[in-house]
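Visitor: The structure follows.
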Amino acid sequence: MCVLCGVSDGTGRHSNHPTARLKAEGNQLFKNGQFGEAAATYSQAIKNAEELGILYSNRAACQLKEGNSRECIEDCNRALELQPYSMKPLLRRAMANESLERYRDAYVDYKIALQIDRNTQVANDSINRITRTLIDQDGTKWREKLPPIPSVPFYLRVSSRTCSFKIIVCSANHKTTFLLRMIGFWVFLCKGESDQEMFQDLKSEGNEHLTNARYKEAAEKYRVALCYLKLCQYEEARRDCESALQRDASNIKALYRRAQANKGLEDHALQPRHCASKGLDGEACCTEAARPRARATACGWPRRSVTML
């Protein structure tokens, strides 16, 4: 069975793709208190989402060859939702829009593609051709009628100034974590101070956005983050929440869970000094750390319950 045709979830309903099935399995594991297994399941859903983006892009290529431009655009949209700024679906959507005489939309996609790699020949040729068409169609003010053109993050652009990154995926004790580590920045430097400044800007932006380079689905991210919180993996939880917030800054659950992770990191930083001063071992210290919450519950403070989306 084609993975894009949907699979049954055992309830009479059909999920759109395997990611939905894994999401449901993760939700059930979470409800059962199997937080480590749930985190691993959500991580697998994230991986499948990326693979699904490739499949949508490949099917879009078939639709384009068959002359099904509208279906091609739909598949490209799905692929770009899963993998933003992916070159192939961008170019295929641009070609499909051009075949439908949607020249403004095609122009925008070609411009985005050229931001990613300015040496893309098909985009350069098409931009010149479409520009002439738009001038004939809209006159000298043709640029004012264009849709907004998004700015591609600098670290995703292919140019003579290149960043080199390595993504290391580690699994330990069945608790899946993602360690994204920068292993080097290098540039082809030209003469002048502006190149050094560009290198520093590039390095700073790479450091800031490295964790978002894979464009994980935000919904899956903060679910994984919640599992990390239950496992006391606060650093991983905070990182996943921040990645989710890159996609939706108003996400209440991601904000709340990041606050929980930050609180957990503060408690862990204070714990060794506190335990040493009282002569407590690690287990006793954890027991003592739990007492304030128990006292707060006994005083009638509301207990927060966490619900899954």
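Following the numbering used here, the numbering of the sequence shown begins with 133 at its first residue and continues without gaps.
All C-beta atoms, glycine included, are put in the ideal place defined by N, C-alpha and C.
#1: With 16 as the cutoff for other CB atoms within 10 Å, does Asp241 come out buried or exposed?
#2: Can you give the beta carbon distance from Asn180 to Leu196, rounded, assuming they're within the 8 Å contact cut?
#3: Note down, one range per segment and in chain order, each alpha helix (DSSP H) of at least 4 residues found wholly within the stretch 200-224.
#4: Does DSSP put Asp380 in a helix, in a strand, or in coil?
#5: Can you name the start and end residues of the alpha helix (DSSP H) that Leu246 belongs to?
#6: Excluding the five sequence neighbours on either side, which residues of its own chain have a C-beta within less than 6 Å of the C-beta of Leu397, listed in chain order?
#7: By Cβ distance, which residues of its chain are closer than 6 Å to Arg370, with the 5 residues on each side in sequence left out?
#8: Please report the distance separating the alpha-carbon of Glu223 from that of Trp274.
#9: If distances are taken between C-alpha atoms only, which option among Ile248, Gly271, Ile267 comes closest to Ser283?
#10: Helix or strand or just coil, what does DSSP make of Val284?
#11: Taking C-alpha atoms, which residue in Arg264, Glu213, Ala171 lies nearest to Ile186?
#12: Under 8 Å Cβ to Cβ from Ile262, same chain only, skipping five residues before and after it: list those, please.
#13: With DSSP as the reference, identify every bridge partner of Val290, one or two as the case may be.
Guide: In short:
#1: To locate residue 241, count along the sequence shown from 1; it is residue 109. By the neighbour-count rule (16 or more Cβ atoms within 10 Å), Asp241 is buried.
#2: For the purposes of this step, residue 180 is taken as the residue at position 48 of the sequence shown. For the purposes of this step, residue 196 is taken as the residue at position 64 of the sequence shown. Not quite, the Cβ-Cβ distance comes to about 24 Å (not below 8 Å), so this is no contact.
#3: 201-214
#4: In the sequence shown, counting from the first residue as 1, residue 380 sits at position 248. Coil, per DSSP.
#5: On the sequence shown, residue 246 is found 114 positions in, with the first residue counted as 1. Per DSSP, Leu246 belongs to the alpha helix (DSSP H) from 235-248.
#6: Counting from one through the sequence shown, the residue named residue 397 turns up at place 265. Closer than 6 Å at the Cβ level, and outside the excluded window around Leu397, lie Tyr366.
#7: One-based indexing of the sequence shown puts residue 370 at position 238. So the list reads Arg390, Ala393, once near-sequence residues are dropped.
#8: Position 91 of the sequence shown, counted from the start, is the residue given in the question as residue 223. Position 142 of the sequence shown, counted from the start, is the residue given in the question as residue 274. Glu is not the amino acid found at residue 223; the sequence shown has Leu there. If I take the Cα positions, the gap works out to 22 Å.
#9: Here residue 283 refers to the residue found at position 151 when the sequence shown is read from its first residue. Comparing Cα-Cα distances from Ser283 to each of Ile248, Gly271, Ile267, the minimum goes to Ile248.
#10: Residue 284 sits at position 152 when you count from the first residue of the sequence shown. Val284: coil per DSSP, three-state reduction.
#11: In the sequence shown, residue 186 corresponds to position 54, counting from 1. Selected option, being the one with the closest Cα: Glu213.
#12: As a working note, residue 262 is residue 130 in the sequence shown. Once the five neighbours on either side are set aside, the close Cβ partners of Ile262 are Glu230, Tyr235, Ala238, Tyr239, Tyr242.
#13: Residue numbering aside, residue 290 sits at position 158 when the sequence shown is read from its first letter. For Val290, which the question treats as bridged, DSSP gives the partners Asp249.
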